[in-house]
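J.: 3 is the number of the first residue of the sequence shown in our numbering; add one for each residue after it. Every residue, glycine too, gets a C-beta built ideally from N, C-alpha and C. Okay, here's the structure, questions in a sec.
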Amino acid sequence: MTTPRQLRLSPATRAAQALRYIDPITGAVTPAIDLSSTYARDENYAPRQSYIYARDGGPTVEHAEEILASLDEGEGALVFSSGMAAVVTLLETLETDDHIVAQKVMYHGVISWMLRLQEKRGIKVSLFDQADENALEKAITPETKLVWIETPSNPTWDVVDIEAAAKAAHDVGARLVADCTVAPPCTSLALALGADYVFHSATKYLGGHSDITAGVLTCARADAHWAEICQLRTLLGNVLRPFDAWLLIRGIRTLYLRFERASENALKIAQHFENHPKIAQVLYPGLPSHPGHEIAARQMTGGFGGMLSILTKSAKAAHDVARFTQVFIPATSLGGVESLIEHRKAVEGPNSVVPDTLLRLSVGVENVDDLINDLEQALERTG
Ligand SMILES: *Cc1c(COP(=O)(O)O)cnc(C)c1O
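Below you can see the structure in the form of structure tokens.
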């Protein structure tokens, strides 16, 4: 007998098999959920494995982290009780007078937290226009410690060149964080493009079923700064609970399949409505007319995803469409198997810079004709 040739498994296979999980005792092919909050020591009073107390993490949490580090091609991953919990923990490493450069338009909660740190903690924040190719480099100063990008970014789906952003950050010794919530590892590998950290709201595509809130950080290097983030998670107590970590693993097993279908559906919807008489504009990085299309095609190799925005010809029409759909569910969030529609300005509040004609669509995995027909009937009713 010859020795078997070791196959190099693609990420889609590693995800589908939860890193080829087979329980060594029972043979179960589905990971078990370890719900224990504490772990008994052995006869020498030593921890049996690395587990002591659940606020540090545990076997199910670690299993989710191993899968995520593997898919993002990072040295380590941490899972948190929500995306914002991960954001807050990472930003907690900053010191007074440190300078953050971030996008003017991106997830509003992240901007709000940064502005709070500016007000309460003396951290300096500069917001750059992500739609302007040169604005990021201009905003960076020798004091910059952290550059935060989100690509494609909510809710205009502007595309930021990850490789160029990493170079600009590294030129002054700053770290780059890429919020890849909308471009998970099945399509973008931001660490390979030079980002130091990738952040995902796993509430969205990674979970994929609108049944958990979860956040993920993956690191290019497990260095001293990463160790500080790990320690802060334990101190802040915002680790993902094991049951939710298990649901996250379950979601990730179909990530590649779901994302492919959502991308196909979204492209068909974008093409259908691009020159529609009742639509002013369609924003989708998969359309050649989108200003970020070329960069997106380079750094989103597994599809452009299910997120797009359509702009109606009046604010009232946008508001009405969000009320009249029968398949698209009028709810916030994104990345689930079910399609959602959202009047973004109403959700972000009066200070939002989002146009009031904008409808954000999170396209799911349903039959695409049903989705197109639904938007058509809702638009018809706007008169
Ligand atoms: C949802 C979201 C967040 C925040 O994550 P939560 O899981 O809701 O805390 C951050 N960034 C982006 C792009 C998001 O869509």
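#1: Do Gly-294 and Ser-364 have their C-beta atoms within less than 8 Å of each other?
#2: Please classify Arg-43: does DSSP put it in a helix, a strand, or coil?
#3: Write down the C-beta distance between Thr-189 and Gly-85 rounded to the nearest angstrom, noting that I regard them as a contact closer than 8 Å.
#4: My assumption, with CB atoms under 8 Å, is that Tyr-199 sits in contact with Thr-220. Please give the rounded CB distance.
#5: Spatial neighbours of Ala-268 within its chain, please: CB distance less than 8 Å, with the 5 preceding and 5 following residues excluded, ordered by chain position.
#6: Spatial neighbours of Asn-240 within its chain, please: CB distance less than 6 Å, with the 5 preceding and 5 following residues excluded, ordered by chain position.
#7: If I follow the unbroken alpha helix (DSSP H) through Phe-306, where does it start and stop?
#8: Sort Gly-337, Asp-225, Thr-4 and Thr-98 by Cα distance to Ser-212 and report the nearest one.
#9: Using 8 Å as the limit for Cβ to Cβ distance, is Leu-37 near chain C?
#10: Which of helix, strand or coil does DSSP assign to Lys-347?
#11: If you run the structure through DSSP and keep just helix, strand and coil, what is Trp-159?
#12: For Tyr-258, name the three-state secondary structure that DSSP assigns.
#13: Could you work out which residue in Gly-210, Ala-204, Ile-151 and Ile-231 is closest to Ala-192 when comparing CA atoms only?
#14: Name the one or two DSSP bridge partners that Gly-29 has.
#15: So what's Leu-96 in DSSP terms, helix, strand or just coil?
#16: How far does the beta strand (DSSP E) with Arg-243 in it reach, from first residue to last?
#17: Using the rule of at least 16 other Cβ atoms within 10 Å of the residue's Cβ for burial, across every protein chain shown, is Thr-303 buried or exposed?
#18: Could you check how far apart the C-beta atoms of Val-89 and Val-112 are, in whole angstroms? I think they sit under 8 Å.
#19: Measuring only from the beta carbon, is Thr-189 closer than 7 Å to any heavy atom that is part of ligand 1?
#20: Hey, would you say the C-beta of Val-174 is under 7 Å away from at least one heavy atom of ligand 1?
#21: Just grab the DSSP bridge partners of Gln-283 for me.
#22: Throw me the rounded Cβ distance for the Leu-381 and Lys-280 pair, which I believe falls under 8 Å.
#23: Compute the beta-carbon to beta-carbon distance between Thr-95 and Ile-231, rounded to the nearest angstrom, for a pair I have assumed lies under 8 Å.
#24: Whose CA, out of Val-367, Ala-137, Ala-324 and Asp-372, lies closest to the CA of Val-349?
#25: Which two residues bound the contiguous alpha helix (DSSP H) that contains Ala-380?
#26: I'd like to confirm something about Val-112: is its beta-carbon nearer than 7 Å to some heavy atom of ligand 1, or not?
#27: Provide the residue span of the beta strand (DSSP E) that contains Gly-175, from first to last.
#28: Is any heavy atom of ligand 1 found at a distance shorter than 7 Å from the C-beta of Glu-152?
#29: Taking the alpha-carbon positions, what's the Leu-11 to Phe-326 distance?
#30: When you measure from the CB of Gly-288 to every non-hydrogen atom of ligand 3, does any distance come out below 7 Å?
#31: On a CA-only basis, which of Leu-92, Pro-49, Asp-358 and Asn-277 is nearest Leu-178? Give me that one, please.
#32: Could you check where the alpha helix (DSSP H) with Cys-232 kicks off and where it finishes?
T.: In brief:
#1: no
#2: strand
#3: That belief does not hold up - the Cβ atoms of Thr-189 and Gly-85 are roughly 18 Å apart, past 8 Å.
#4: 7 Å
#5: Tyr-286, Gly-288, Phe-306, Gly-307, Gly-308, Met-309, Leu-310, Leu-363 and Val-365
#6: Phe-82, Ser-83 and Ala-87
#7: Per DSSP, Phe-306 belongs to no alpha helix (DSSP H) and is neither H nor E.
#8: Gly-337
#9: No chain C appears in this structure, which consists of one protein chain only.
#10: helix
#11: coil
#12: helix
#13: Ile-151
#14: Paired residues: none, contrary to the question.
#15: coil
#16: Run containing Arg-243: none; DSSP gives neither H nor E here.
#17: exposed
#18: 5 Å
#19: no
#20: no
#21: Leu-313
#22: 5 Å
#23: 6 Å
#24: Ala-324
#25: 370-383
#26: yes
#27: No beta strand (DSSP E) contains Gly-175, which DSSP labels as neither H nor E.
#28: yes
#29: 45 Å
#30: The model on display carries ligand 1 but not ligand 3.
#31: Leu-92
#32: 226-238
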